[in-house]
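Student: Chains A and B supply the protein sequences, listed in that same order. Just so we're aligned: 56 in the numbering used here is position 53 of the first sequence, and the numbers increase by one with no gaps anywhere. Just so we're aligned: 390 in the numbering used here is position 232 of the second sequence, and the numbers increase by one with no gaps anywhere. Before I ask anything, let me first share the structure, which is written out below as structure tokens.
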Amino acid sequence: MSTFNNYNYNKLVEFIKIHQEDFYRLAYSHVHNRESALDIVQDSIYKGLTSVHKLKNIDKLKTWMFSIIVNTSISYLRKNKRLIITNDFPESIERENIDIADRIDLYHAIEKLDVKYRTIIVLRYFEDMKIEEVADITGLNINTVKSRLYNGIDKLKVILDK
Amino acid sequence: MEDKLNNIKREYKNIIIPKELDHMVDKTIQKADKDVRKRKIRFGRGLKVAVAALAVCSMFVLAINTNESLAKSIANVPVLGKVAEVLTFVDYERETETITEDVTIPEVDGLNDKEIQDKINKEIQAKMDEQIKEAEIRAEEYKEAYFATGGTKENYHPIEFKLDYEKKYSDDSILSFIIYHHETLAPAYAETYYYNIDLNTNEELTLEDVLGEDYINRANESVRKQIEELKANPSEDRHYGFFEGEAGFTSISEDQGFYINSDKKVVVVFNKYEIADGATGPLEFVIE
Chain A
4 MSTFNNYNYN
14 KLVEFIKIHQ
24 EDFYRLAYSH
34 VHNRESALDI
44 VQDSIYKGLT
54 SVHKLKNIDK
64 LKTWMFSIIV
74 NTSISYLRKN
84 KRLIITNDFP
94 ESIERENIDI
104 ADRIDLYHAI
114 EKLDVKYRTI
124 IVLRYFEDMK
134 IEEVADITGL
144 NINTVKSRLY
154 NGIDKLKVIL
164 DK
Chain B
159 MEDKLNNIKR
169 EYKNIIIPKE
179 LDHMVDKTIQ
189 KADKDVRKRK
199 IRFGRGLKVA
209 VAALAVCSMF
219 VLAINTNESL
229 AKSIANVPVL
239 GKVAEVLTFV
249 DYERETETIT
259 EDVTIPEVDG
269 LNDKEIQDKI
279 NKEIQAKMDE
289 QIKEAEIRAE
299 EYKEAYFATG
309 GTKENYHPIE
319 FKLDYEKKYS
329 DDSILSFIIY
339 HHETLAPAYA
349 ETYYYNIDLN
359 TNEELTLEDV
369 LGEDYINRAN
379 ESVRKQIEEL
389 KANPSEDRHY
399 GFFEGEAGFT
409 SISEDQGFYI
419 NSDKKVVVVF
429 NKYEIADGAT
439 GPLEFVIE
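Encoded structure:
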């Protein structure tokens, strides 16, 4: 590490403490599993703190930290999906099943949405972020975010009306 | 639709926050804090300085102590031909209420400078003792936090801690091995230590020693190429979630962890989270 940027680092610690529950909810809304969500939050804040010195623009702290949570969540999902298909690790499937009981109604709707819509709806409507922020976090351009948002809402409507 | 969205939002905000979240976040910040501050202080630097100092020191001692008969007896000791090895020094399993430990600590044997050998072994021992002690403290704290936040006895499990070593390569000029530890419930505390010893000089082998002056560019080029290949051809068997941009791979560091593999090639290692997400785990790249 070339520099230990105390200012950025301390800002991030502050930010993490304020938003830890948002991180958890965001992770949980992706993986629907308590332990995995906790793991994701832990992975993400550790990664954030040990790499914040690479962040050049402190104004981007919020979207940068949230993007780590989103990326880590999506990685977990990908991994989990594959585990279920290949059936290599029955243990993790069992764990999924136990947690179904813990799930709340929201997921019967949101969960059915493809993750590419899910992330964006959660960030925009539940975390009240600006379109620009959602774009920053997901690495998509603003128009893609907008169109996914509208498509996602349409799909959600269909699911809810069933 | 507005209403429905608002309902869902309410449910979202009502997602139950696990009681241990706060504690876990605090501990992770503490851990990151320590790692960030201590990142540069590793076996590498410390040992190199120590070895250099010791070498001077032992020469001095030898110069005043050596008499003819001692010199003769030293000359008769068949030092050459004996290959340095890494052997198990401590090996135990221990179980308490809060932690299950499975510990194997190695020691280096057969270096031609016994003082340096002792120095290295003491350092390994001290460092591992410290890691074990810290894991024990964490396990205590975890237990306290667990019950303080309403955890039940039936669901409580002691932390499992494992510490072990692995010899990677040895011949009459190089000894390369790693020591690693990890524990359940706290994947962020896993750590690996790399020991590469040049048996001719008794000094720590650096990347520059093995890859030459241009080692940073050489290694970077190779790592970058391999990452691109992995991204272009995603593996079915293993997840690779490389971080993009500045959080991802930019360059190896001067004190990048590495070992020598059985083909006598340099393998640079990136810790979990260093250039890819936690699900990817640590990454290794052979530098050709």
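Even glycine gets a Cβ: it sits at the ideal position worked out from N, Cα and C.
Note down the Cα distance separating N100(A) from K291(B), rounded to an integer number of angstroms.
Tutor: Its pLDDT being 44, under 50, N100(A) is placed unreliably in this model, and the value from its coordinates should be taken loosely. In a straight line, the C-alpha of N100(A) is about 37 Å away from that of K291(B).
Student: Just to confirm, are L116(A) and I72(A) a CB contact at a threshold of 9 Å?
Tutor: Going by C-beta atoms, L116(A) is not nearer than 9 Å to I72(A).
Student: Closest to L333(B) by CA distance: which of F305(B), Y347(B) and Q275(B) is it?
Tutor: Minimum Cα distance to L333(B) is reached at Q275(B).
Student: What does P316(B) pair with, by DSSP beta-bridge criteria?
Tutor: Looking at the DSSP assignment, P316(B) forms no beta bridge with any residue, so it has no partner.
Student: Count the other CB atoms, across all protein chains shown, that sit within 10 Å of the CB of A437(B); report buried if there are 16 or more and exposed otherwise.
Tutor: With 16 or more neighbouring CB atoms inside 10 Å of its own CB, A437(B) falls in the buried class.
Student: Here's the rule: buried if 16 or more other CB atoms are within 10 angstroms of the residue's CB, otherwise exposed. What is D161(B)?
Tutor: exposed
Student: Using DSSP with H/G/I as helix, E/B as strand and the rest coil, what is L321(B)?
Tutor: Strand.
Student: Using a Cβ-Cβ cut-off of less than 8 Å, give me the residues of the stretch 397-410 of chain B that come near chain A, in sequence order.
Tutor: H397, G399, F401, E402, E404, A405 and T408
Student: Would you list, in sequence order, the uninterrupted alpha helix (DSSP H) runs of no fewer than 4 residues that lie entirely inside the stretch 39-91 of chain A?
Tutor: 64-89
Student: Could you tell me which chain B residues have their CB closer than 8 Å to the CB of A112(A), listed as they occur along the chain?
Tutor: I166
Student: I'd like to know whether the C-beta of I175(B) is nearer than 9 Å to at least one C-beta of chain C.
Tutor: In the displayed structure, chain C is absent; the protein chains listed are A and B.
Student: My understanding is that F319(B) touches E341(B), with C-beta atoms under 8 Å, so please give their C-beta distance in whole angstroms.
Tutor: 4 Å
Student: Measure the alpha-carbon distance for I166(B) versus M68(A) and round it to whole angstroms.
Tutor: 24 Å
Student: Based on Cα-Cα distance, which residue from A30(A), G51(A), K133(A) and N144(A) lies nearest to E12(A)?
Tutor: It should be noted that the sequence gives Tyr, not Glu, for residue 12(A). Nearest C-alpha to Y12(A): G51(A).
Student: Are V475(B) and Q23(A) close, meaning C-beta to C-beta below 9 Å?
Tutor: The structure shown does not extend to residue 475(B), since chain B is modelled only from 159 through 446, so no value can be given for it.
Student: Rounding to the nearest angstrom, what Cα-Cα distance links M159(B) and K160(A) in this structure?
Tutor: 7 Å
Student: For a cutoff of 9 Å on Cβ pairs, would you count K171(B) as touching chain A?
Tutor: Among the residues facing chain A, K171(B) is included, as its CB has a counterpart in that chain under 9 Å away.
Student: Where does V424(B) sit, in a helix, a strand or coil, going by DSSP?
Tutor: Three-state DSSP puts V424(B) in a strand.
Student: Can a CB atom of chain B be found closer than 9 Å to the CB of N144(A)?
Tutor: no
Student: Between the beta-carbon of T75(A) and the beta-carbon of V194(B), is there less than 9 Å?
Tutor: It is not a contact, given that the beta carbons lie outside the stated cut-off.
Student: So, are the CB atoms of E135(A) and I145(A) less than 9 Å apart?
Tutor: yes
Student: Would you tell me roughly how many angstroms separate the C-alpha atoms of K171(B) and K57(A), rounded to the nearest one?
Tutor: Their Cα atoms are separated by approximately 32 Å.
Student: Using a beta-carbon distance cut-off of less than 9 Å, what residues from the stretch 431-442 of chain B approach chain A?
Tutor: Y431, E432, A434, D435, G436, A437 and T438
Student: By the three-class DSSP mapping on this structure, what secondary structure does T147(A) have?
Tutor: helix
Student: Using a Cβ-Cβ cut-off of 6 Å (strictly less than) and excluding sequence neighbours within five positions of P316(B), which residues of its own chain qualify?
Tutor: T256, I257 and T258
Student: Can a CB atom of chain A be found closer than 9 Å to the CB of V194(B)?
Tutor: yes
Student: Just verifying my parser: in three-state terms, what is the DSSP assignment at H22(A)?
Tutor: helix
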